[in-house]
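Have a look at the structure below before the remarks.
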Amino acid sequence: MNRYPTWKYILVAVVILIGLLYTIPNFYGESPAVQVSPAKATLKANPELLKKVEATLQLANIKFNGIFLDASGVKVRFESPEEQIKAKDKLIANLGKDYTVALNLLSQTPNWLLGIGAKPMYLGLDLRGGVHFLLQVDMKAALDKAAESSVGDFRTALRREKINYFGIARDGQKVEVKFENADELEKAQKILGKDYPDLTYNSAKSGKEHVLIATIGDATKLKIQEFALKQNLQTLHNRINELGVAEPIVQQQGFDRIVVQLPGVQDTAKAKEILGRTATLEIRMVDEDKKDLATLEAAEKGQVPFGDELYKDREGRPILVKKSVVLTGDRITDAGPGVNQQTGGAVVNVTLDGRGAGIFKNVTRDNVGKRMAILLIEKNSTEVITAPVINEEIGGGHVQISGMNSAQEATDISLLLRAGALAAPMEIIEERTVGPSMGEENIKRGVHSTLWGFAAIAAMMIIYYLVFGGVSVLALGVNLLLLVAILSMLQATLTLPGLAAIALALGMAIDANVLINERVREELRNGNTPQASIHAGYDRAFDTIIDSNVTTLIAGLALFMFGTGPIKGFAVVHVLGILTSMFSAVLVSRAMVNLIYGYRRKLTKLSIGQIYKPS
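Per the numbering used here, the sequence shown starts with residue 1082, numbered consecutively.
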């Protein structure tokens, strides 16, 4: 009656063993570390960088516990924060501005546990420490950028249709096109209204001039602002993920603000560098009329011709390019590394959107035999990566960029281009650093509150229910073990609300055991035998346990679906706690009771506390 088949005991034992293995990594803690990663796309993290970092620390007599290279850069472990700070300062002085040196925290989990996928759960900013930023997106700049883009689009469209105009300029978020007569203005309005229907067009007359005024409508403004916010969110996600920060939080707050939390990163200045690491492309025409040696030398001395800008290619040679931007990285939909089939050199294959493909086709058609400069803009520095001669019209929206020094560089630049540029500039309006000591204190308090709650529950259950109370306590311990293990398996992020949810899960889990114990008591009170009372108690309590947990589960799922941030973190732990409590209360506790009492044939009494019978 009260005997499980062997496979059920094996199942319970295997589940507990797996839970133990995946819970252990959370007790090893974290060690102070320094992370070194390239600050430019042209640089890369390789074994040479690892050797350079190691040599720098050895020369400075700075002790470290370990050093390794991964996809995000070189990471070095230290015994104490003091050694960590010394190493950071020394590496910054030796490596310069070409590399980002950031303070971090790394798990001390042994490799054999990592080999089976047993990793500690991620800790949120309030438990691990790190940096918090609140960024304000400049929506006016986004609208100005959209209007500026329309200037170039209008120029291209009017030239294509051979419509004469003698002036085009941007006035705030308006674009004004000047014509000599009303007929040309009318033609232009029809063409532009068809190609760019999102704009509102009005005409005016200033003296002899006929002016077409294009303005951004309210609905279009809203779309531009929403796009700018989403683009910035995506760009920040991509850049931070490449740095290797565990479980960063990048989310929208309100209409024009973004919250960024980087757990484990203690260096605010370097965190700002991380947020600013974006790259984009600009395609401009080389000024072929001003490429003589005398003009270039004068430009290097500061005498840059009107309408041009001076840059240098990768060989260090000066190049004068026109200020007018033909195409920007905003038109890039995809980018990936590749190999030139003719030369075997590394290239970046870029795919443009529909409008970008059309612009590129027209430019290459009209400038055959001229040079086109492709500029990489990163961290306020601009570099001409290549300036090829246009041999023929290029259509289809697929562009191949050569001039890469290596396949790794092509891969890095592809990643940066896919991440995209910020659609609008951002300003940090709030910054906050949570130190690791504060996070450690929060963990201690949360763990202590959970342990004290567990101890109080255990004492009460053992005093009131004796052996059955002890079984309930063991089942409660298994529940806590499985909950932590699942959170670790899922690599969920634990925050202070999550710790509160664990404490709540303990209270809910013990409730199921109380129901079972009281049902068993009720059966004994009605005169049933001990074995029959155990069987009936568990069976009859099962429906009540299911009903109470399902209703609570619905509330937890609602919090998960509609909540954000800390509320969602609480809901995850809450829902998982309900599932593990049902398993431990019903299956695990029943297995232990069966082992204690199930094999006794002449059982006359159960150790379940005082049973009061009605007089």
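Ideal Cβ positions, reconstructed from N, Cα and C, are used throughout, including at glycine.
Note that the structure is predicted; figures quoted are calculated from it, not measured.
At least 8 Å separates the beta-carbon of G1211 from that of Q1423. Going by DSSP, N1630 is part of the alpha helix (DSSP H) stretching over P1611 to F1643. Secondary structure at S1161: coil, using DSSP grouped into helix, strand and coil. Straight through space, the alpha carbons of A1468 and L1391 are spaced by roughly 13 Å. The DSSP-derived three-state label of K1243 is coil. About 18 Å separates the Cβ atoms of K1259 and Y1277, ruling out a contact at the 8 Å cut-off. K1289 carries a coil assignment under DSSP once its states are collapsed to helix, strand and coil. Under the Cβ criterion (8 Å, minimum of three pairs), the segment 1472-1485 counts as touching the segment 1436-1447. Distance check between I1400 and each of T1409, L1377, V1420 and T1414 places L1377 closest, using alpha-carbon atoms only.
Remark: C-beta atoms of R1436 and V1407 do not approach each other more closely than 8 Å. Excluding residues up to 5 positions away in sequence, R1158 lie with their Cβ nearer than 6 Å to the Cβ of G1147 in the same chain.
For D1447, the enclosing alpha helix (DSSP H) has its first and last residue at G1435 to D1447. Looking at the DSSP output, Q1217 sits in a beta bridge with R1338 and E1508. A straight line joining the alpha-carbon of M1507 with that of S1462 spans about 18 Å.
Looking at the backbone, the Cα of Q1116 and that of E1464 are separated by about 27 Å. For R1084 and L1676, the gap between their C-alpha atoms comes out near 8 Å. Across the structure, N1185 and G1177 are spaced so that their CA atoms are roughly 19 Å apart. Excluding five sequence positions before and after I1543, the CB atoms of its chain that fall closer than 7 Å to its own CB belong to G1550, G1551 and V1554, given in chain order.
In the three-state reduction of the DSSP assignment, Q1139 falls in the helix class, which pools H, G and I. When DSSP states are grouped into helix, strand and coil, E1261 belongs to the coil group. In the DSSP assignment, F1149 falls within the beta strand (DSSP E) that extends over G1147 to D1151. The secondary-structure analysis by DSSP pairs N1430 across a beta bridge with G1417 and Q1481. Take the alpha-carbon of D1207 and the one of L1187: they are about 17 Å apart. For K1404, the enclosing beta strand (DSSP E) has its first and last residue at P1399 to T1409. For L1184, the three-state secondary structure derived from DSSP is strand. Looking at E1307, F1235 and D1337, the one whose alpha-carbon comes closest to that of Y1282 is F1235. Approximately 6 Å separates the beta-carbon atoms of Q1270 and L1293; this is inside 8 Å, confirming the contact. Linking S1483 to V1429 through their CA atoms gives a straight-line distance of about 7 Å. Just measuring C-alpha positions, the residue of G1588, M1570 and V1548 sitting nearest F1535 is G1588. Assigned with DSSP and collapsed to three states, R1084 falls in coil, not helix or strand.
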